[in-house]
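Participant:
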Amino acid sequence: MTWLMGDRGIPASYRHMNGFGSHTYQWTNARGEVFFVKYHFKTNQGVRSLSAEQGAELAGKDANSHQTDLLQAIERGVNPSWTLYVQVMPAAEAADYRFNPFDVTKVWPHGDYPLQRVGRLVLDRNPDNVFAEVEQAAFSPNNFVPGIGPSPDKMLQGRLFAYADAHRYRLGVNHTHLPVNAPKGAPADNYGRDGLMATRNGSRHDKNYEPNSYAGPVQTDAALAAPLAVHGWTGTHEAPAHSKDDDFFQAGELYRLMSEDEKGRLVANIAGGLSQVTRDDVIEKNLAHFHAADADYGKRVEEAVRALRED
Numbered sequence: 001m002t003w004l005m006g007d008r009g010i011p012a013s014y015r016h017m018n019g020f021g022s023h024t025y026q027w028t029n030a031r032g033e034v035f036f037v038k039y040h041f042k043t044n045q046g047v048r049s050l051s052a053e054q055g056a057e058l059a060g061k062d063a064n065s066h067q068t069d070l071l072q073a074i075e076r077g078v079n080p081s082w083t084l085y086v087q088v089m090p091a092a093e094a095a096d097y098r099f100n101p102f103d104v105t106k107v108w109p110h111g112d113y114p115l116q117r118v119g120r121l122v123l124d125r126n127p128d129n130v131f132a133e134v135e136q137a138a139f140s141p142n143n144f145v146p147g148i149g150p151s152p153d154k155m156l157q158g159r160l161f162a163y164a165d166a167h168r169y170r171l172g173v174n175h176t177h178l179p180v181n182a183p184k185g186a187p188a189d190n191y192g193r194d195g196l197m198a199t200r201n202g203s204r205h206d207k208n209y210e211p212n213s214y215a216g217p218v219q220t221d222a223a224l225a226a227p228l229a230v231h232g233w234t235g236t237h238e239a240p241a242h243s244k245d246d247d248f249f250q251a252g253e254l255y256r257l258m259s260e261d262e263k264g265r266l267v268a269n270i271a272g273g274l275s276q277v278t279r280d281d282v283i284e285k286n287l288a289h290f291h292a293a294d295a296d297y298g299k300r301v302e303e304a305v306r307a308l309r310e311d
C-alpha cells in the first residue's frame, strides 16, 4: 500500500518502471551449493511517474496509453531495455535471517544482499501476429531450467500448479507444442500425443508410454533443483520464527525514507480513497495498519481522512 499509493504507484509508461520477480527462487551451482535469489529488472530509461491527477487525465485520453507508448517506441527503433540484477542469499542463512526471506511482501535490504548485475533484457520488435505470439503465450513460474527451482515461498508454491492448470483450460493439453511456448533449441520430444488442439501429425507407430524398446526419449532422473527441507504428512513447510516477522516494519521504513513532499502526496492519495468509506469501523481498522507501520504515518492519514469527511 505504501509503495502503491506513493510517487511510484503510477508509472509514466512501461518503459519507465522497474520490474521485480517478487518471489524468491532457488539457484544450485555445479558444486551442488544452494542459494536463494530475488530478481530485479532496472529500467535503463530512468524511472518516471505520474501524479494521481496526471494519471486520471491520461487515462481519460487513452485508457491503453502504456501499451501505445511501448508499441510506438519499438516501432521507432527506440528499443527499451532493463538491466537484470539478482540478490543472492546462501541457503544456510535463510533460517536465521531476521525475517522470513520467503515472504513475498518483504524486500531484502541491499545492505545485506547487494544487487549483482547479470545481464540485459531488450525489447527489439513488436509481435507480427498478436494471437500467435501473445494470446497463445503460456507463461508459468513452474517453467524451470536445470539449476533453477522454487523456494518455500507459499505464494509461489501455489502458483506452480495453478498456472499450468489455467493454460490447459485456456489453450488445451498441447499448448507446450505451440511455437511461442515450444523450446527454441530443439523440437519438443515427449510422449504426449493427440488430445484437444493437437499440432503434431504423429504416426500410428508412435509410442505413448515408457520405458519402451524403441529408443524413445528417457528421463534423466537427475534433479532439476536441490530438495527443500519439509516435514509433516503432506510435506508442509513452516518457516521458523524470525525476530522481525511482522507485516508493518518495512512499510514504516519506506515511509521514513520519504521526503516531506513525498509523504504529503502519499497521505493525500490514501486519504482520498479511505475517506469515501461509509463505515467507521472499516476506517478504524485501516487506520490501525498505518499507525502500526509508523506513528507519524498513522497520525497524518487519520487527520487527512477526518478533514475530508468533515468537508
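Take the sequence shown: its position 121, counting from 1, is numbered 121 in the UniProt record's numbering, and each next residue is one higher. Using N, Cα and C, we set each Cβ at its ideal position, and we do this for glycine too. Computed from a predicted model, the values in this text were never measured in an experiment.
Can you tell me the Cβ-Cβ gap for residue 245 and residue 99, rounded? I've got them flagged as a contact below 8 Å.
Facilitator: As a first step, residue 245 must be located in the sequence shown, where it is residue number 245. As a first step, residue 99 must be located in the sequence shown, where it is residue number 99. Indeed, because the Cβ distance is near 5 Å, the residues count as touching under 8 Å.
Participant: What separation, rounded to the nearest whole angstrom, lies between the Cα atoms of residue 323 and residue 42?
Facilitator: Only positions 1 to 311 of the chain appear in this structure, which leaves residue 323 out of reach.
Participant: Mind checking which residues open and close the beta strand (DSSP E) that includes residue 16?
Facilitator: Position 16 of the sequence shown, counted from the start, is the residue given in the question as residue 16. Taken as a continuous stretch (DSSP letters only), residue 16 belongs to no beta strand (DSSP E), as it is neither H nor E.
Participant: Please give the ranges of any alpha helix (DSSP H) in the segment 36-84, keeping only runs that are unbroken, at least 4 residues long and fully inside the region.
Facilitator: 52-61 and 65-75, all fully within the segment 36-84.
Participant: Using only alpha-carbon positions, find the residue among 14, 88 and 164 that is nearest to residue 65.
Facilitator: The residue labelled residue 65 in the question sits at position 65 within the sequence shown. The option with the nearest alpha carbon to residue 65 is 14.
Participant: Per DSSP, what are the beta-bridge partners of residue 3 in this structure?
Facilitator: By 1-based counting over the sequence shown, the position of residue 3 is 3. Answer by DSSP bridge pairing: none, since residue 3 is not bridged.
Participant: For residue 177, I'd like the list of residues in its chain whose CB is within less than 7 Å of its CB, leaving aside the five on either flank, ordered along the chain.
Facilitator: Numbered from 1 along the sequence shown, position 177 holds the residue referred to as residue 177. Excluding residues within five positions, the ones whose Cβ falls inside 7 Å are 188, 199 and 200.
Participant: Taking residue 124 as the reference, which of 73, 6, 306 and 285 has the closest Cα?
Facilitator: Numbered from 1 along the sequence shown, position 124 holds the residue referred to as residue 124. Comparing Cα-Cα distances from residue 124 to each of 73, 6, 306 and 285, the minimum goes to 73.
Participant: Could you compute how far the alpha carbon of residue 133 sits from the alpha carbon of residue 220?
Facilitator: Counting from one through the sequence shown, the residue named residue 133 turns up at place 133. Counting from one through the sequence shown, the residue named residue 220 turns up at place 220. Roughly 31 Å between the two C-alpha positions.
Participant: For the alpha helix (DSSP H) containing residue 270, list its first residue and its last residue.
Facilitator: What you label residue 270 is simply residue 270 of the sequence shown in a count that begins at 1. From DSSP, the alpha helix (DSSP H) with residue 270 extends over 260-274.
Participant: Please state whether DSSP places residue 252 in a helix, a strand or coil.
Facilitator: Numbered from 1 along the sequence shown, position 252 holds the residue referred to as residue 252. Looking at residue 252 - three-state DSSP - the assignment turns out to be helix.
Participant: Out of 307, 75 and 252, which one is the CA nearest neighbour of residue 292?
Facilitator: Start at 1 with the first residue of the sequence shown, and residue 292 comes out as number 292. Checking every option, the nearest Cα to that of residue 292 belongs to 252.
Participant: Following the continuous beta strand (DSSP E) through residue 121, name the residue where it begins and the one where it ends.
Facilitator: Working through the sequence shown from its first residue, we reach residue 121 at position 121. Segment 116-122, the beta strand (DSSP E) holding residue 121.
Participant: Given a cut-off of 8 Å, decide if residue 86 and residue 118 are closer than it, judged by their beta-carbon atoms.
Facilitator: Against the sequence shown, residue 118 aligns to sequence position 118. Against the sequence shown, residue 86 aligns to sequence position 86. Their beta carbons are under 8 Å apart, which means residue 118 touches residue 86 by this criterion.
Participant: Could you tell me whether any Cβ in chain C is nearer than 8 Å to the Cβ of residue 44?
Facilitator: Absence of chain C from the displayed structure is noted, only one protein chain being present.
Participant: Taking 8 Å as the threshold (C-beta atoms), are residue 287 and residue 301 in contact?
Facilitator: Here residue 301 refers to the residue found at position 301 when the sequence shown is read from its first residue. Here residue 287 refers to the residue found at position 287 when the sequence shown is read from its first residue. Cβ atoms of residue 301 and residue 287: closer than 8 Å.
Participant: What's the C-alpha gap between residue 156 and residue 260?
Facilitator: On the sequence shown, position 156 is the one that residue 156 refers to. On the sequence shown, position 260 is the one that residue 260 refers to. Cα to Cα, residue 156 sits roughly 36 Å from residue 260.
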